[in-house]
Amino acid sequence: MIADRHLLDYEDQLSRKLFPGRCLPLNDAPFEGRLTVRRIGGVLATEVQSSAHVLDMRESPRERRDVVYATLVVEGQAILGQCGRWLQLRGGDAAISLATEPFTIICTEAIHLMSLKLPIESFIGSHLQALTEPVLIPRKAGAARFDQQGLARDLHRWLNTAEATDAQEARILSTIEGLLQLERQPGPGRSQYLAALAHISANVEEPDLSVAKVAQALGISGRHLSRIFSDHETTVASEIAERRLKRANAALRDVKNHHLSVAEIGRRSGFEHPESFSRAFRRKFGLSPRAARKRGWEP
C-alpha cells in the first residue's frame, strides 16, 4: 500500500512541532490535514483541521516532563486513550492529558480541535502537577460552557493575529484552571458556585470584576451569589483577590517578566492601583512585591 503523501507531511509537522508519533488513515479516502501553530507566551497553541485518522504516540518523550497537554474539540469527535483510560470527546468537550505517557487519539471523522501545550511552571502549575491520568472536561451549561467555547474562538483568532500577548497566555491558563476546578469538585448544589469560580479564574485580570459582574454572567442576583459563597465559607471578593495575588506572585518570579515594572505586573493581574496591590501582596505573603521579586521568593 502506497503511503499518502499528505498524511506523511502531516505526521512530519506533528513530530517537529508537537510530539513524535505515527499517523494512520482510517479509510481509503485521501487524507487532508492542516496545522496552525503559534507560541502564546509559555503556551504552544495548535489548531488542527483534518480528515479521519489515528495518531499513535508510543514513546514517552523524556523532555516533556515540564508540560501537560490540553485538547479542545471544536467540531467532530475523537477518542483519546492514555494510562488505560479511553475518553470520548465531542464538539465542546476538552481533555487534559499527560505529556510523559504514551497516548492514542482516534479521530473517527473529520475533526477540528485546538491542542495546547501548557507549562508546569505557571500560576496553575499545582493543578497540572496533580494530574496522574487524563481528565475529560465535558460540555457545560451556563458560564463554564461559555468560557470553554469562548476560549476556542479566542484561540482561532489569536493564531491568526500579528502578535501574541501576555494577556492571551493568562486567559488560556485561567480558563483551564477554572475548567479543572469545575470537573474536580462536582456535587449537588455546587454548580453555580463552581461556575462562578470558573468565571472568576477566566476574567480575574479585569479590574472591575465584582459580585455584580460575576452574578450577571451566571444570570443570578448579586445577593444570591453572595449567599452561595457564604454557604461555602468564603466571599466573591476574597476569591478574586486570591487568584490575582497568585497570578502576580507567579509573574514576579518569571524571568521573562523582568522588563515589566512591579506596578505593571499588578495591573496585568487585575489590581488597578499600585498601592492596593502592594498592601494586598504584603498581607498575603508577608513582604512587598518588590522584595519578593528580588529574592526570587516562592511560598
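Going letter by letter, the sequence shown gives residues 1 to 299 in the UniProt record's numbering. Every residue gets a Cβ at the ideal spot worked out from N, C-alpha and C, and that includes glycine. Only a predicted model underlies this, so the values are computations on that prediction, with no experimental measurement involved.
Would DSSP call Val-204 helix, strand or coil?
DSSP places Val-204 in coil when its eight states are reduced to three.
Rank Pro-20, Ala-52 and Ile-40 by C-alpha distance to the C-alpha of Arg-34 and give the top, closest one.
For the residues Pro-20, Ala-52 and Ile-40, the minimum Cα distance to Arg-34 belongs to Ala-52.
With 16 as the cutoff for other CB atoms within 10 Å, does His-273 come out buried or exposed?
With fewer than 16 Cβ atoms within 10 Å of its Cβ, His-273 is classed as exposed.
Could you have a look at Arg-157 and say whether DSSP puts it in helix, strand or coil?
Helix.
Express the C-alpha separation of Ala-195 and Phe-229 in angstroms, rounding to a whole number.
Distance between the alpha carbons of Phe-229 and Ala-195: 12 Å.
By the three-class DSSP mapping on this structure, what secondary structure does Asp-56 have?
Three-state DSSP puts Asp-56 in a strand.
Measuring alpha carbon to alpha carbon, tell me which residue in Ser-261, Val-43 and Thr-108 is nearest Leu-26.
It is Thr-108 whose Cα lies nearest to the Cα of Leu-26.
DSSP three-state label for Thr-108, please.
In this structure, Thr-108 counts as coil in the three-state DSSP scheme.
Once you ignore the five residues that flank Ala-237 on each side, which residues in its own chain have a CB closer than 6 Å to its CB?
Result list for Ala-237: empty, nothing under 6 Å.
Based on Cα-Cα distance, which residue from Arg-90, Gly-42, Lys-17 and Leu-131 lies nearest to Gln-149?
Nearest of Arg-90, Gly-42, Lys-17 and Leu-131 to Gln-149, Cα basis: Arg-90.
Are there 16 or more other CB atoms within 10 angstroms of the CB of Gln-82, so buried, or fewer, so exposed?
With 16 or more other Cβ atoms within 10 Å, it is buried.
From the DSSP output, which residues share a beta bridge with Ile-79?
In the DSSP output, where bridge partners are listed per residue, Ile-79 has Gln-88 and Ile-106.
Since Val-48 sits in a beta bridge, which residues does DSSP pair it with?
DSSP output for Val-48 lists Leu-35 and Leu-113 as bridge partner(s).
If you scan the UniProt domain "HTH araC/xylS-type" (194 to 295) from start to end, which runs of the alpha helix (DSSP H) of 4 or more residues do you find wholly inside it?
Here the runs fully enclosed are 211 to 218, 222 to 231, 236 to 253, 262 to 268, 274 to 285 and 289 to 295.
For Asp-66, which of Leu-98, His-259 and Glu-75 has the nearest alpha-carbon?
The shortest C-alpha separation from Asp-66 is found at Leu-98.
Find out if the Cβ-Cβ distance for the pair Leu-252, Ile-240 is shorter than 8 Å.
No. Outside cutoff.
Flag this pair as touching only if the stretch 36 to 47 and the stretch 92 to 106 have three or more C-beta atom pairs under 8 Å; answer yes or no.
No, because fewer than three Cβ pairs between the stretch 36 to 47 and the stretch 92 to 106 fall closer than 8 Å, the two stretches do not touch.
Over the uninterrupted beta strand (DSSP E) stretch that includes Leu-24, give me the two end residues.
Unbroken beta strand (DSSP E) run through Leu-24: 22 to 25.
I'd like the span of the beta strand (DSSP E) that includes Ser-97, first residue to last.
Here the beta strand (DSSP E) through Ser-97 covers 94 to 98.
Assess contact between the stretch 74 to 81 and the stretch 124 to 131, defined as three or more Cβ pairs (one per stretch) separated by less than 8 Å. Is contact present?
The answer is no - the stretch 124 to 131 does not touch the stretch 74 to 81, with fewer than three Cβ pairs under 8 Å.
Would you kindly work out how many angstroms separate the C-alpha atoms of Arg-58 and Ile-40, rounded to a whole number?
Cα to Cα, the separation comes out at about 27 Å.
Mapping the DSSP letters down to three states, classify Ala-70 as helix, strand or coil.
Note: Ala-70 maps to strand in three-state DSSP.
Report yes if the CB atom of Trp-158 is closer than 8 Å to the CB atom of Arg-38, and no otherwise.
Yes; because the gap between Cβ atoms is below 8 Å, this pair is in contact.
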